[in-house]
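Colleague: Just dropping this structure here.
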Amino acid sequence: MSTTQQARPAKFDPVLNEILANELGSLSEEMAIVISKAGRSPMLKAGEFATALCDRSGRIMAEGFAAPLQLSGFETLCSEVTARYGEDLAPGDVFMSNDPYGGMTHLPDVGVVMPAFSGDIHVGYAVCYSHHSDTGGRVPGGMSEQSRSLYEEGIRLPIVKVHSAGHLNLALIQTIRANVRASSEWVSDLEAKIAGVQRGARGLTGLAEKYGVPQLEALGDGLIEHAERAMRNAVAELADGEYFAEAELHYGGDVEGNDGGTVQLALTLRVAGDSLEFDMTGSSPQVAAGINTPSAMVRAAMCGGLKALVAQEVPANSGFFRPIKVSLPEETIVNPTFPAPVSARAPIFFKILDLVFRTVGPAKKGTVAVPGVGGDAVHLSGKAEDGSEFALLDLMFGGWGARSNGDGIDGVAPVYMGSYGTASIELLENQFPVVIEEFSIVEDSEGAGKYRGAMQISRVSRLLTDAEVMVRSVNVDGSPGMKGGLPGPPPSTKLVKADGTEVSLAKRSHVHLTGRRGDRIVHRTAGAGGYGSPLERDPQMVRADAVEGKISAEHALATYAVVLHGNALDVDEVQTASLRAKRAAAVG
Numbered sequence: 003m004s005t006t007q008q009a010r011p012a013k014f015d016p017v018l019n020e021i022l023a024n025e026l027g028s029l030s031e032e033m034a035i036v037i038s039k040a041g042r043s044p045m046l047k048a049g050e051f052a053t054a055l056c057d058r059s060g061r062i063m064a065e066g067f068a069a070p071l072q073l074s075g076f077e078t079l080c081s082e083v084t085a086r087y088g089e090d091l092a093p094g095d096v097f098m099s100n101d102p103y104g105g106m107t108h109l110p111d112v113g114v115v116m117p118a119f120s121g122d123i124h125v126g127y128a129v130c131y132s133h134h135s136d137t138g139g140r141v142p143g144g145m146s147e148q149s150r151s152l153y154e155e156g157i158r159l160p161i162v163k164v165h166s167a168g169h170l171n172l173a174l175i176q177t178i179r180a181n182v183r184a185s186s187e188w189v190s191d192l193e194a195k196i197a198g199v200q201r202g203a204r205g206l207t208g209l210a211e212k213y214g215v216p217q218l219e220a221l222g223d224g225l226i227e228h229a230e231r232a233m234r235n236a237v238a239e240l241a242d243g244e245y246f247a248e249a250e251l252h253y254g255g256d257v258e259g260n261d262g263g264t265v266q267l268a269l270t271l272r273v274a275g276d277s278l279e280f281d282m283t284g285s286s287p288q289v290a291a292g293i294n295t296p297s298a299m300v301r302a303a304m305c306g307g308l309k310a311l312v313a314q315e316v317p318a319n320s321g322f323f324r325p326i327k328v329s330l331p332e333e334t335i336v337n338p339t340f341p342a343p344v345s346a347r348a349p350i351f352f353k354i355l356d357l358v359f360r361t362v363g364p365a366k367k368g369t370v371a372v373p374g375v376g377g378d379a380v381h382l383s384g385k386a387e388d389g390s391e392f393a394l395l396d397l398m399f400g401g402w403g404a405r406s407n408g409d410g411i412d413g414v415a416p417v418y419m420g421s422y423g424t425a426s427i428e429l430l431e432n433q434f435p436v437v438i439e440e441f442s443i444v445e446d447s448e449g450a451g452k453y454r455g456a457m458q459i460s461r462v463s464r465l466l467t468d469a470e471v472m473v474r475s476v477n478v479d480g481s482p483g484m485k486g487g488l489p490g491p492p493p494s495t496k497l498v499k500a501d502g503t504e505v506s507l508a509k510r511s512h513v514h515l516t517g518r519r520g521d522r523i524v525h526r527t528a529g530a531g532g533y534g535s536p537l538e539r540d541p542q543m544v545r546a547d548a549v550e551g552k553i554s555a556e557h558a559l560a561t562y563a564v565v566l567h568g569n570a571l572d573v574d575e576v577q578t579a580s581l582r583a584k585r586a587a588a589v590g
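Under my numbering, the first residue of the sequence shown carries the number 3, and numbering increases by one thereafter.
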């Protein structure tokens with residue numbers, strides 16, 4: 003590999019800068035389209051992946067439309083490739099890693115990196131990641147609170163070459179096949195990601211040849227510097243000061259359901275001019291449980307939440323991250339050291355997002371939002387009737403929290419989750435031995451407020467074969483509201499056996515069980531928190547929810563003090579005003 007380059011142009015052209023921004027953005031989106039079309043798993047079809055294009059030092063120049071939350075680890079991933087292979091990089095090389103202590107976030111998340119060349123000059127990287135449905139660990143799917151060490155969570159791949167100068171490392175693929183469940187799907191998804199980065203690398207090569215390497219590098223610098231300026235301008239709109247929020251999370255100790263303990267999360271936001279610091283000093287030490295959360299995932303929560311709240315229009319390249327300092331004490335729940343287990347890090351991740359919303363919100367002018375409800379999942383693993391192995395991760399999202407100027411949106415991924423979504427029922431039933439019998443909104447399940455949060459979502463999955471089942475729930479303690487808004491109800495899961503017997507499962511973030519043919523998994527996500535007092539909600543908005551079947555007339559009366567009459571559910575304005583006045587007086 004050569005790093006020889008010519009002198010850079012004397013002048014920076016803003017027109018070319020904008021053209022390149024669009025070319026890189028389109029190219030990164032093309033990568034995402036290739037991965038989604040070629041991928042086999044529901045995760046790829048539903049958008050649980052990310053793509054990006056980086057310069058040769060690993061700085062992100064452009065990101066795709068897919069999930070932005072993993073972008074903060076891409077620089078580390080590219081830096082690891084450069085550090086280990088450096089001058090030995092060659093056209094056609096492709097690397098992969100799932101190392102949570104090397105830029106990824108837990109073993110199921112697998113990153114793929116391909117260097118791009120113009121002749122023998124290294125000009126950049128195409129990079130992507132996605133979640134795989136198994137990692138070969140102690141439990142199917144690889145996610146468990148009960149993990150005691152990373153070693154039991156599955157196969158760990160530090161930066162390793164999967165293609166060498168275009169030639170497949172067959173021994174590596176055979177090793178992976180021998181160590182993971184449903185290996186055919188695993189390898190198919192890997193091949194889809196390789197196709198994606200190959201498209202990205204070809205595009206980078208084309209841009210280098212179009213503009214010349216010096217011009218491409220100068221334009222890339224300009225994109226990053228522009229994002230930094232835009233981000234600093236966004237941060238400067240926040241009120242200077244120090245803001246603090248804390249939370250706790252209970253976790254399970256063993257497979258029998260005994261309590262493992264409670265961890266504390268503390269977040270201090272310091273805003274000074276056009277820069278800020280997120281400091282998690284005061285958070286609990288790391289624990290012998292899978293809820294430890296790697297620093298890359300913590301940074302992703304902070305940057306994803308911040309982007310959603312104050313910087314939606316700022317490009318998520320490396321310039322976006324420059325005004326943000328993150329302080330994470332080592333050997334803590336938010337920055338564990340190897341070999342601490344990390345497979346079940348999602349509940350901590352969503353708690354941190356909640357803390358970001360609760361610290362940035364008071365510093366922000368204008369619209370604020372209650373955190374959404376994200377990331378519940380049902381994982382099924384077993385053998386189909388034809389004897390083939392399957393592993394399914396079925397994601398479910400409750401929706402958005404209320405905003406200071408509007409209701410939360412039901413049944414979609416929270417705004418900070420980017421392209422994440424729920425896979426289509428037809429796809430699941432076509433590929434896996436499961437029937438989705440219900441996918442619906444749960445009546446009377448919102449976090450009430452002047453503006454309500456998203457309703458709970460119910461999903462009923464009937465097994466067509468025996469399967470090992472894992473149910474992941476976030477917001478297990480409910481979803482708090484803001485400014486007098488009520489919390490959303492917590493998630494719940496029950497097993498309805500084929501004979502009709504019902505078993506309510508433990509209120510924990512990760513529950514494991516064995517399901518039998520004909521059993522039903524009934525899961526409800528949490529409802530999202532509301533904003534403002536329910537007594538301030540427009541009675542016509544209450545009526546609209548009742549007409550749509552989201553709330554009952556009884557709930558309208560009990561929660562919002564709105565009196566609805568008749569089949570048309572008309573608002574009795576006089577009785578409503580009188581009842582609200584009485585309740586307001588009783589409150590204080």
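Ideal Cβ placement from N, Cα and C applies to all residues, glycine included.
Provide the residue(s) that pair with D57 in DSSP beta bridges, ordered along the chain.
Modeller: Answer is G126.
Colleague: Based on DSSP bridge pairs, tell me the residues matched to K327.
Modeller: BP columns for K327 point to E279.
Colleague: Just how far apart, CA to CA, sit L357 and F119?
Modeller: Answer to the nearest angstrom: the Cα atoms are 42 Å apart.
Colleague: Between G400 and L394, what straight-line distance do the alpha-carbon atoms span, to the nearest angstrom?
Modeller: If I take the Cα positions, the gap works out to 19 Å.
Colleague: On a CA-only basis, which of S463, C305, Y418 is nearest E428? Give me that one, please.
Modeller: Residue S463 is the option with its Cα nearest to E428.
Colleague: Taking the alpha carbon of I37 as the point to measure from, which residue in A54, H557, G534, G121 has its own alpha carbon closest?
Modeller: When each option's Cα is compared against that of I37, the closest is A54.
Colleague: On a CA-only basis, which of V370, L269, N569, H381 is nearest S406? Give me that one, please.
Modeller: With distances taken between Cα atoms, S406 lies closest to V370.
Colleague: Return the CA-CA distance between H567 and R582, expressed in angstroms with no decimal places.
Modeller: Rounded to the nearest angstrom, the two C-alpha atoms are 17 Å apart.
Colleague: Please tell me whether M472 has its Cβ less than 8 Å away from any Cβ of chain D.
Modeller: Any reference to chain D falls outside this structure, which holds one protein chain only.
Colleague: Could you tell me the distance, in whole angstroms, from the CA atom of V372 to the CA atom of E332?
Modeller: Cα to Cα, V372 sits roughly 30 Å from E332.
Colleague: Can you find the residues in the same chain that come closer than 8 Å, C-beta to C-beta, to L267, ignoring five residues on each side of it along the sequence?
Modeller: Hits under 8 Å: E248, A249, E250, L251, M282, S285, S286, I335, V336, I350, K353, I354, L357.
Colleague: Indicate the three-state DSSP secondary structure (helix, strand or coil) for T578 in the structure shown.
Modeller: T578: helix per DSSP, three-state reduction.
Colleague: Using C-beta distances below 7 Å, list every residue in its chain close to A236, excluding the 5 sequence neighbours before and after it, in chain order.
Modeller: Here the set comprises V312, A313, V316.
Colleague: Identify which residue in H133, A546, G168, D479 has its Cα closest to the Cα of S43.
Modeller: Nearest option by C-alpha distance: H133.
Colleague: Considering Cα atoms alone, identify which of A563, L571, Q148 is closest to Q577.
Modeller: Selected option, being the one with the closest Cα: A563.
Colleague: For the candidate residues M63, A548, S481, I196, whose alpha-carbon lies nearest to that of H228?
Modeller: Selected option, being the one with the closest Cα: M63.
Colleague: Using only the alpha-carbon positions, how far apart do S277 and A346 sit?
Modeller: The straight-line gap from Cα to Cα measures roughly 32 Å.
Colleague: In whole angstroms, what is the alpha-carbon distance linking F359 and G307?
Modeller: Going by the C-alpha atoms only, they are around 7 Å apart.
Colleague: Of the residues I438, E219, W402, E431, which one's Cα is nearest the Cα of Y418?
Modeller: Checking every option, the nearest Cα to that of Y418 belongs to W402.
Colleague: Tell me the rounded alpha-carbon separation between R454 and S511.
Modeller: Their backbone Cα atoms lie some 25 Å apart in a straight line.
Colleague: Since H228 sits in a beta bridge, which residues does DSSP pair it with?
Modeller: DSSP output for H228 lists no bridge partner at all.
Colleague: State the start and end residues of the unbroken beta strand (DSSP E) segment that holds I443.
Modeller: Element bounds for I443: 436-443.
Colleague: N569 by DSSP, collapsed to three states: which one?
Modeller: Of the three classes helix, strand and coil, the one that applies to N569 here is coil, per DSSP.
Colleague: By how many angstroms is the C-alpha of T503 removed from the C-alpha of S30?
Modeller: Roughly 50 Å separates the two Cα atoms.
Colleague: Locate the alpha helix (DSSP H) running through V417, then write down its first and last residues.
Modeller: Premise fails: V417 is in no alpha helix (DSSP H) and is neither H nor E.
Colleague: Quick check on H557: does DSSP put it in helix, strand or coil?
Modeller: Correct three-state label for H557: helix.
Colleague: If contact is defined by three or more beta carbon pairs under 8 Å, each pair taking one atom from either stretch, is the segment 468-484 in contact with the segment 548-558?
Modeller: Flag = no, the segment 548-558 and the segment 468-484 do not touch.
Colleague: Could you tell me whether the segment 153-162 touches the segment 99-115, using the rule of 3 or more Cβ pairs below 8 Å?
Modeller: Yes: the two stretches touch, three or more of their Cβ pairs being nearer than 8 Å.
Colleague: Cutting at 8 Å between CB atoms, please list the residues of its own chain near T495, excluding the five before and the five after it.
Modeller: Hits under 8 Å: V473, S475, S506, L507, V513, I523, V524, H525, R526.
Colleague: Could you round the C-beta distance between Y131 and A52 to whole angstroms and report it? I think they count as a contact, below 8 Å.
Modeller: Yes, Y131 and A52 are in contact; Cβ-Cβ is about 6 Å, under 8 Å.
Colleague: So, under 8 Å CB-CB, D521 and L465 are touching, yes? Tell me the CB distance rounded to an integer number of Å.
Modeller: 5 Å between Cβ atoms; contact.
Colleague: Kindly identify the DSSP beta-bridge partner or partners of H512.
Modeller: DSSP lists R474 as partners of H512.
Colleague: Look at the alpha carbon of G529 and the alpha carbon of P493, and state the distance between them as a whole number of angstroms.
Modeller: Spanning the two alpha carbons is a distance of roughly 8 Å.
Colleague: Return the CA-CA distance between A342 and L152, expressed in angstroms with no decimal places.
Modeller: Answer to the nearest angstrom: the Cα atoms are 6 Å apart.
Colleague: Got a sec, what are the start and stop residues for the alpha helix (DSSP H) G208 sits in?
Modeller: Note, G208: alpha helix (DSSP H), 185-213.
Colleague: Tell whether a beta-carbon distance below 8 Å holds between F323 and S81.
Modeller: No, they are not a contact pair.
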